[in-house]
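See structure below.
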Amino acid sequence: MKPTRFFLPVLFALVLPYLNYSQAAENNIQFRGNLENSRIQFLKNKKGNVAFMGGSITEMNGYRPMVADQLKKRFPETNFTFIDAGISSTCSNTGAFRLERDVLSKPIDLFFIEFAVNDDQDAHHSRKDCIRGLEGIIRHARKSNPNMDIIVTYFVNEGMLKTLQDGKTPLTIEAHESVAKNYKVSTINLAKEVAERISANSLTWKQYGGVHPAPFGNAIAATMIDNLFNEAWKNPWGKTDLPKAHELPAPLDPLSYEAGRFIDPKNAAIKSGWTLGVPDWKSLPGGKRDRFTSVPVLYASEAGAEITLEFEG
């Protein structure tokens, strides 16, 4: 682990001189609202809790540690805690339900979200489901801490790339952008930036690194976020400044998963045919991730099994 943590900042430093983002700041970086609350926390209290939530793009050692390094360089006297809440193959709907457990255990000052790719290729969400997931995350986060600053980044896969090159906006990005606008959340449209650069022959999909970007591709995302920081924090900080709660507007969808949470499966009342335990995964067809195969779950193998689980929401 230590060699990887050392390697990323060095590689990032080597890559940065070759990146030119004069166009990106204007077209593909949308600065909305402000990021003042996190800056006040970092400078005034010398502490910062920064969380990253998403799928495997967030979980991997990619843009996340690069952004963490940027923050540590900008605020060298701040004691940061970084939370990696990325889980491979999970979507925004899953994120809305695991937010309380995986992120909100600490008072988060700055929150990065990434779900455009997984809402597309893993969940195959409709526009409605994309909105319910991301809006649920943002509303729950802001209700837990009205001062929380949030940034959403749109990564890209091959199908989304083709849609962008055809002059259209991928469904997941359009849906997530509608949520971001409603809550004045800043967004990084890395997907569009990559598509434009490939169309201009200044970047190739191979150089970018594919769905799970190479260090070069992740450096593009990190640099765009750094440019957003430059814009958001360009004015001098006032030592008497105080945090201000972000506005919480009416929801786009009243059925968003803003109250998402996990319920202990032990609370289930089993009538017949259900078991709480670890299934014999080897005997079951289909794919599965090793990380989940030791987790106790409620499962049934025959039709007609009955179970009752009470909850409010």
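The numbers in the sequence shown follow the working numbering, run straight up by one, and end at 320.
By construction, the Cβ of each residue, glycine as well, lies at the ideal position given by its N, Cα and C atoms.
Treat the numbers as computed from the prediction; the structure is a model and nothing was measured.
Exercise. In three-state DSSP terms, what is Ile-138?
Worked result: Position 131 of the sequence shown, counting from 1, holds the residue named residue 138. In this structure, Ile-138 counts as helix in the three-state DSSP scheme.
For this session: Could you spell out the range, first to last residue, of the beta strand (DSSP E) harbouring Ile-195?
Result: Residue 195 sits at position 188 when you count from the first residue of the sequence shown. The continuous beta strand (DSSP E) containing Ile-195 extends over residues 193-195.
Exercise. How far does the beta strand (DSSP E) with Tyr-306 in it reach, from first residue to last?
Worked result: By one-based count along the sequence shown, residue 306 stands at place 299. Unbroken beta strand (DSSP E) run through Tyr-306: 304-307.
Exercise. Does the Cβ of Val-17 have 16 or more other Cβ atoms within 10 Å, making it buried, or fewer, making it exposed?
Worked result: By 1-based counting over the sequence shown, the position of residue 17 is 10. No answer about Val-17 holds up, because its pLDDT of 46 lies below 50 and its placement is not dependable.
Problem set entry | Residues near Arg-149 in its chain [Cβ-Cβ closer than 8 angstroms; skip 5 each side] | On the sequence shown, residue 149 is found 142 positions in, with the first residue counted as 1. Met-155, Ile-157, Tyr-190, His-253 and Leu-255.
For this session: Measure the alpha-carbon distance for Gly-61 versus Ala-123 and round it to whole angstroms.
Result: Here residue 61 refers to the residue found at position 54 when the sequence shown is read from its first residue. Here residue 123 refers to the residue found at position 116 when the sequence shown is read from its first residue. When only Cα atoms are considered, Gly-61 and Ala-123 end up about 9 angstroms apart.
For this session: Assign Trp-288 to one of three DSSP states: helix, strand, or coil.
Result: Start at 1 with the first residue of the sequence shown, and residue 288 comes out as number 281. Helix, per DSSP.
Problem set entry | Cβ shell of Asp-109 (< 6 angstroms), same chain only, five flanking positions each side left out | Here the question's residue 109 lines up with position 102 in the sequence shown. Sequence-distant Cβ neighbours of Asp-109 in its own chain, meaning closer than 6 angstroms and more than five residues away, are Ala-92.
Problem set entry | Three-pair Cβ contact test at 8 angstroms for the region 135-146 versus the region 92-101 | Touching, yes, given that three or more Cβ pairs across the two stretches are closer than 8 angstroms.
For this session: Reducing DSSP to helix, strand and coil, say where Ser-322 ends up.
Result: No answer is possible for residue 322: it lies beyond the span of the chain, which begins at 8 and ends at 320.
Exercise. Helix, strand or coil: which one does DSSP assign to Val-163?
Worked result: Your numbering for residue 163 matches position 156 in the sequence shown. Look at Val-163 here: in three-state DSSP terms it is coil, with no helix or strand label.
Problem set entry | Expected contact under 8 angstroms - CB spacing of Ala-75 and Gly-267 to nearest Å | In the sequence shown, counting from the first residue as 1, residue 75 sits at position 68. In the sequence shown, counting from the first residue as 1, residue 267 sits at position 260. About 26 angstroms separates the two Cβ atoms, so there is no contact after all.
Exercise. What are the partner residues of Ala-92, as DSSP defines its beta bridges?
Worked result: Here residue 92 corresponds to residue number 85 of the sequence shown, with the count starting at 1. Paired residues: Met-60.
Problem set entry | Between the CA atoms of Ile-64 and Asn-84 - distance to the nearest angstrom | As a position in the sequence shown, residue 84 is number 77, starting the count at 1. As a position in the sequence shown, residue 64 is number 57, starting the count at 1. Sequence inspection shows Glu at residue 84; the Asn mentioned does not correspond to that position. Computed Cα separation, rounded: 29 angstroms.
For this session: Would you kindly work out how many angstroms separate the C-alpha atoms of Asn-225 and Tyr-161, rounded to a whole number?
Result: Within the sequence shown, the letter at position 218 stands for residue 225. Within the sequence shown, the letter at position 154 stands for residue 161. The straight-line gap from Cα to Cα measures roughly 12 angstroms.
Exercise. Would you call Ser-193 buried or exposed, if buried means 16 or more other Cβ atoms sit within 10 Å of its Cβ?
Worked result: Residue 193 sits at position 186 when you count from the first residue of the sequence shown. So Ser-193 counts as buried.
For this session: Have a look at the DSSP bridge pairing and note the partners of Asp-156.
Result: Taking the first residue of the sequence shown as position 1, residue 156 is located at position 149. Within the DSSP bridge table, the entry for Asp-156 names Leu-117 as partners.
Exercise. Would the region 236-244 and the region 114-121 be scored as touching if the rule is three or more Cβ pairs under 8 angstroms?
Worked result: They do not touch, by the three-pair rule.
Exercise. Unbroken alpha helix (DSSP H) runs of length 4 or more, entirely within the region 219-266: which are they?
Worked result: Runs of the alpha helix (DSSP H) inside the region 219-266: 222-239.
Exercise. For Glu-107, which residues from the same chain have a beta carbon less than 6 angstroms from its beta carbon, with the 5 sequence-adjacent residues on both sides left out?
Worked result: Position 100 of the sequence shown, counted from the first residue, corresponds to residue 107. Counting only Cβ-Cβ distances below 6 angstroms, and skipping sequence neighbours, we find Arg-268.
For this session: Grab me the residues of Ala-130's own chain with a C-beta within less than 6 angstroms of its C-beta, minus the 5 sequence neighbours each way, in chain order.
Result: Along the sequence shown, read from residue 1 onward, the residue named residue 130 stands at position 123. Excluding its 5 nearest sequence neighbours in each direction, Ala-130 has C-beta neighbours in its own chain below 6 angstroms: Cys-98, listed in chain order.
For this session: Could you tell me whether the region 272-281 touches the region 298-315, using the rule of 3 or more Cβ pairs below 8 angstroms?
Result: A contact exists between the region 272-281 and the region 298-315.
Exercise. Hey, is the region 224-239 in contact with the region 35-46, meaning 3+ C-beta pairs nearer than 8 angstroms?
Worked result: When C-beta atoms of the region 224-239 are compared with those of the region 35-46, three or more pairs fall below 8 angstroms, so the two segments count as touching.
Exercise. Thr-11: buried (16+ other C-beta within 10 angstroms of its C-beta) or exposed?
Worked result: By 1-based counting over the sequence shown, the position of residue 11 is 4. Any reading at Thr-11 is ruled out, since the residue's pLDDT is 38, under 50, leaving its predicted position unreliable.
Exercise. Would a C-beta distance cut-off of 9 angstroms place Ala-58 and Lys-113 closer than the cut-off?
Worked result: Taking the sequence shown and counting its residues from 1, one reaches residue 58 at position 51. Taking the sequence shown and counting its residues from 1, one reaches residue 113 at position 106. Yes, Cβ-Cβ distance for Ala-58 and Lys-113 is below 9 angstroms.
Problem set entry | Cut-off 7 angstroms between Cβ atoms - residues of its own chain near Asn-274, not counting five sequence neighbours on either side | Reading the sequence shown from its first residue, position 267 is the one you call residue 274. Closer than 7 angstroms at the Cβ level, and outside the excluded window around Asn-274, lie Leu-316.
Exercise. So, do the region 66-81 and the region 208-225 have three or more beta carbon pairs nearer to each other than 8 angstroms?
Worked result: Judged by pairs of C-beta atoms under 8 angstroms, the region 66-81 touches the region 208-225, as three or more such pairs exist.
For this session: Could you pull out every residue in the same chain whose Cβ sits closer than 8 angstroms to the Cβ of Arg-39, ignoring the five residues on either side in sequence?
Result: Here residue 39 refers to the residue found at position 32 of the sequence shown. For Arg-39, where only same-chain residues beyond five positions count, the Cβ hits under 8 angstroms are Ala-187, Lys-188, Lys-191, Val-192, Ser-193 and Thr-194.
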